[in-house]
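Chemist: Pasting in a structure now, in structure tokens, and then I'll have a few things to ask.
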Amino acid sequence: MLYREAGDFKTSYVEDSQTFPIKFDRYRYYFVLVFAFAIVPFVINDYWVNAIFMPFLIYSIAAIGLNILVGYCGQVSLGTGGFMAVGAYASYKLMTAFPDVNIFFHIIAAGGITALVGVLFGLPSLRIKGFYLAVATLAAQFFLVWLFNRVSWFYNYSASGQINAPERSVFGVEVTGANTEAWATYLFCLVFTVACAIIARNLTRGAQGRKWMAIRDMDIAAEIIGVDPLKAKLSAFAVSSFFVGIAGALFFAVYLGAVEVGEAFGIQKSFLVLFMVIIGGLGSIFGSFAGAAFLVLLPVLLKNTLVGALGWPTDLAAHLEFMIVGALIIVFLIAEPHGLAQLWRVAKEKLRLWPFPH
Amino acid sequence: MLDASEEGYVTEDGRKIGGVLMEMKNITLRFGGVKAITDISFDIREGEIRAIIGPNGAGKSSMLNVISGFYVPQEGEVWYKGKKRPPMKPYQVAQLGIARTFQNIALFEGMTVLDNVMTGRLNYMKTNLLQQAFWKGSAEKEETANREVVEKVIDFLEIQSIRKTPVARLPYGLKKRVELARALAAEPSLLLLDEPMAGMNVEEKEDMSRFILDVNDEFGTTIALIEHDMGVVMDLSDRVVVMDYGKKIGDGTPSEIRSNQAVIDAYLGVAHD
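Those sequence lines, one after another, are chains A and B.
All residue numbers for the first sequence refer to the working numbering, where the first residue is 1 and numbers rise by one.
All residue numbers for the second sequence refer to the working numbering, where the first residue is 1001 and numbers rise by one.
In structure tokens form, the structure reads like this:
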């Protein structure tokens, strides 16, 4: 009943092309924002932040980044883990080299550096497509992990080969290091996530997004209307890697605090983010959030039910968790190949008519 | 043959046609040993509707692909707006103001009709990534300005009701119309139509013919089209080029073409003894 377009007349093109054209949607969006910024920080504790909120926020950024590349521009990438590692190591080098600069800028700069690396590894996309490109990006994944393992300059010659986030603060509140508060790290990540989502939305709804989607849907037709495939593909790699780099930097500096590259940014990470994008929905910002939420929440939920409620041994539960997540992914892809975002769209279309069938 | 002088000519129905917009000079296109086009020359004049016809495999589509930059001919020159055009990529040709549609519809299936038509405006949208990332301000202004042009095209082609429909859901005839809309949104100085009526029923063909004539009439757009339906071609076009086996066998007004023996032979076949 609330969810209606009827009577909500648009009198300008600006109004017509806004992100949430339906009033109810718009208010829901504002409500979520207010809730996330003004209420959640006061009620969460360490467990909630570390188990759910922070991984969700950070993976959302990575998923948005990958979605721009795969979902909007149609270029498959299996190098997400490697690009996250670039973001992490770039932020580490920047934090240790310029300790006086605010970490906020370090993380954005880390995104910028990752964008450059992304463009470099995106160059093969001009010649190869589909599976072959996926294999080429796989090379990026392995090369980057190898690089950060072998060249000790990247981890400042530390004996362990790990990188550790030094203590940094924003407005006098510590956001990295050992003495952080749950709400501070949460808010720090939230700011980045919201900003990234808005930027991604703005880019994808305008001229740039249409260029990407044109390349995705039919590259020959895209060229004939004047899209330079070189610029379109490389810009997708750059923007995508920028977000993925920010996600990597936050993952290292704020979430984990200490990172060993092979463990944190291995090929599993690439697949995890790719699954998020596929399950959430290709070519949808909302889908990126939904996919990240699904794959972050599901294991936590399963663990809590199996170990906490049913009292199973932890290792058995862990194995079962793998199987259930895997099976769910398959079921999902068969039942709804367009992901959670499509379910959401269908639900919204039904809602528009509800309670009348026609 | 009409008197196609430098200043142009007057068509059979009394419209004035301007000077040469595009001129193909001795174009030869080879694929390995196969000659798709052999030494063809013709011109397209400002404001006219120019048809290219011929039996299957005559090289019509190859010719269109040469004009739009997909193929680079081995020999010959392409002159556009009085200047020789160097070999170009298709997207550069598009930026010169040449738009086209395809024989098999080449729409962006994952996007709505509106987004598809908006892609026709991409050459006019100049804001950079940073401006677009912030949206408010120049990017939004640009979007609105181009949206206004697109809405005019949408009105013109009478596809208002499907504006927000994903293209994949549309029937064939409407897809053809959306493709024309996308090409028109670019406000081209030369519009290339590759079989705009292929696979349409009579009503759809009539609609499409009307749109083509209206486009030419209202916007003064020069149109070059390939079409198999002879009735349509003869009714619509001002001048016709006839190709057969990669060679030009006729060039002139529809009435001249109708009485051209080489053309009749190509279409009906000749007795071999």
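All C-beta atoms in this analysis are idealised placements derived from N, C-alpha and C, irrespective of residue type, glycine included.
Note down, in chain order, all residues in the stretch 193 to 206 of chain A with a beta-carbon under 7 Å from any beta-carbon belonging to chain B.
Modeler: Here the close residues are I199, N202, L203 and G206.
Chemist: I'd like the list of long-range same chain contacts for F243 (chain A), defined as Cβ closer than 6 Å, with 5 residues on each side in sequence excluded.
Modeler: Here the set comprises I61, I64, G65 and C196.
Chemist: Hey, quick one: how far does the beta strand (DSSP E) through D1244 (chain B) stretch, first residue to last?
Modeler: From DSSP, the beta strand (DSSP E) with D1244 (chain B) extends over R1239 to D1244.
Chemist: Check whether the stretch 246 to 264 of chain A touches the stretch 33 to 43 of chain A, taking contact to mean three or more Cβ pairs, one atom from each stretch, closer than 8 Å.
Modeler: Flag = no, the stretch 246 to 264 of chain A and the stretch 33 to 43 of chain A do not touch.
Chemist: For M1001 (chain B), count neighbouring C-beta atoms within 10 Å of its own C-beta (all shown protein chains included) and say buried if the count is 16 or more, exposed if not.
Modeler: Residue placement at M1001 (chain B) is flagged as unreliable, the pLDDT there being 44, under the threshold of 50; a coordinate-derived value is accordingly withheld.
Chemist: If you drop the 5 nearest sequence neighbours on each side, which residues of the same chain put their C-beta closer than 6 Å to that of K350 (chain A)?
Modeler: Excluding positions up to five away in sequence, the list is empty.
Chemist: Ordered along the chain, which non-local residues of its own chain (more than five positions away) have a Cβ less than 7 Å from that of V261 (chain A)?
Modeler: Contacts found: A85, V145, F148 and N149.
Chemist: Could you confirm whether any beta carbon from chain B is found closer than 7 Å to the beta carbon of Q208 (chain A)?
Modeler: For Q208 (chain A), the answer is yes, since a Cβ of chain B falls inside 7 Å of its Cβ.
Chemist: Please confirm whether Q1103 (chain B) has its beta-carbon closer than 7 Å to some beta-carbon of chain A.
Modeler: Q1103 (chain B) does not count as touching chain A.
Chemist: Measuring alpha carbon to alpha carbon, tell me which of A:V14, A:V43, A:S17 and A:P21 ends up nearest G7 (chain A).
Modeler: Minimum Cα distance to G7 (chain A) is reached at A:P21.
Chemist: Nearest-angstrom Cα distance between V135 (chain A) and Y155 (chain A)?
Modeler: Computed Cα separation, rounded: 28 Å.
Chemist: If we define contact as Cβ-Cβ less than 7 Å, is G226 (chain A) a contact residue for chain B?
Modeler: Yes, G226 (chain A) counts as interfacial toward chain B.
Chemist: With contact counted as at least three CB pairs below 8 Å, one residue from each stretch, are the stretch 1102 to 1109 of chain B and the stretch 1167 to 1185 of chain B in contact?
Modeler: The stretch 1102 to 1109 of chain B vs the stretch 1167 to 1185 of chain B: in contact.
Chemist: For D217 (chain A) and chain B, any beta-carbon pair shorter than 7 Å?
Modeler: Closer than 7 Å: yes.
Chemist: Go to E1256 (chain B), then tell me how far its alpha helix (DSSP H) extends in each direction, as first and last residue.
Modeler: Element bounds for E1256 (chain B): P1254 to R1258.
Chemist: Alpha carbon to alpha carbon, how far is Q1074 (chain B) from K1035 (chain B)? Give it in angstroms, no decimals.
Modeler: Each residue's Cα considered, the two are about 10 Å apart.
Chemist: Taking only the alpha-carbon atoms, compute the straight-line gap between L1064 (chain B) and D1039 (chain B) and give it to the nearest angstrom.
Modeler: If you take the alpha carbons of L1064 (chain B) and D1039 (chain B), they lie about 15 Å apart.
Chemist: Which one or two residues does DSSP pair with R1050 (chain B) in a beta bridge?
Modeler: In DSSP, R1050 (chain B) forms a bridge with B:A1224 and B:R1239.
Chemist: Would you mind working out which of B:E1046, B:D1115 and B:I1027 sits nearest P1087 (chain B), comparing C-alpha positions?
Modeler: Checked all of B:E1046, B:D1115 and B:I1027; the closest Cα to P1087 (chain B) is B:I1027.
Chemist: Between which two residues does the beta strand (DSSP E) containing L1064 (chain B) stretch?
Modeler: Run containing L1064 (chain B): none in the beta strand (DSSP E); it sits in the alpha helix (DSSP H), K1060 to I1067.
Chemist: Which residues of chain B have a Cβ atom closer than 7 Å to the Cβ of A214 (chain A), listed in chain order?
Modeler: F1108 and T1119, listed in chain order.
Chemist: Please list, in chain order, the chain A residues whose beta carbon lies closer than 7 Å to that of Y1091 (chain B).
Modeler: Ordered by position in chain A, the residues that pass the 7 Å Cβ test against Y1091 (chain B) are E223, G226, V227 and D228.
Chemist: According to DSSP, simplified to helix, strand and coil, what is L1002 (chain B)?
Modeler: Its pLDDT being 48, under 50, L1002 (chain B) is placed unreliably by the model, and the measurement read from it follows with that caveat. Looking at L1002 (chain B) - three-state DSSP - the assignment turns out to be coil, as it is neither helix nor strand.
Chemist: Taking only the alpha-carbon atoms, compute the straight-line gap between I224 (chain A) and F1070 (chain B) and give it to the nearest angstrom.
Modeler: Those two C-alpha atoms are separated by around 9 Å.
Chemist: The stretch 262 to 288 of chain A: which residues have C-beta closer than 8 Å to a C-beta of chain B, in chain order?
Modeler: The residues in question are G283.
Chemist: If we count the other Cβ atoms within 10 Å of its Cβ and call it buried at 16 or more, is F275 (chain A) buried or exposed?
Modeler: The residue is buried, with at least 16 neighbouring Cβ atoms inside 10 Å.
Chemist: How would you label L1029 (chain B), buried or exposed, when you count the other beta carbons within 10 angstroms and need 16 or more for buried?
Modeler: The residue is buried, with at least 16 neighbouring Cβ atoms inside 10 Å.
Chemist: For a contact defined as C-beta to C-beta under 7 Å, what are the partners of A1125 (chain B) on chain A?
Modeler: The question names Ala, but residue 1125 (chain B) in the sequence shown is Met. Simply A207.
Chemist: Which residues in the same chain as A222 (chain A) place their Cβ atom closer than 8 Å to its Cβ, once the five residues preceding and following it in sequence are excluded?
Modeler: Only K211, A214, I215, P229 and A232 meet the Cβ criterion.
Chemist: Could you give the DSSP three-state label for F1102 (chain B): helix, strand or coil?
Modeler: Note: F1102 (chain B) maps to coil in three-state DSSP.
Chemist: Can you tell me the Cβ-Cβ gap for V1215 (chain B) and T1221 (chain B), rounded? I've got them flagged as a contact below 8 Å.
Modeler: Yes, they are in contact, since the Cβ atoms of V1215 (chain B) and T1221 (chain B) sit about 5 Å apart, within 8 Å.
Chemist: Quick one, are the C-beta atoms of R1045 (chain B) and G1082 (chain B) less than 7 Å apart?
Modeler: Not in contact: R1045 (chain B) and G1082 (chain B) (Cβ atoms no closer than 7 Å).
Chemist: Using a Cβ cut-off of 7 Å, pull out every chain A residue sitting near E1140 (chain B), in sequence order please.
Modeler: Chain A residues near E1140 (chain B): V14.
Chemist: By the criterion of Cβ-Cβ separation under 9 Å, what are the contact partners of E1143 (chain B) in chain A?
Modeler: Neighbours of E1143 (chain B) on chain A, chain order: Y13, V14, S17, R205, G206 and A207.
Chemist: At 7 Å on the CB atoms, spell out the chain B contacts of S60 (chain A), in chain order.
Modeler: In chain order: nothing, as chain B lies at least about 18 Å away.
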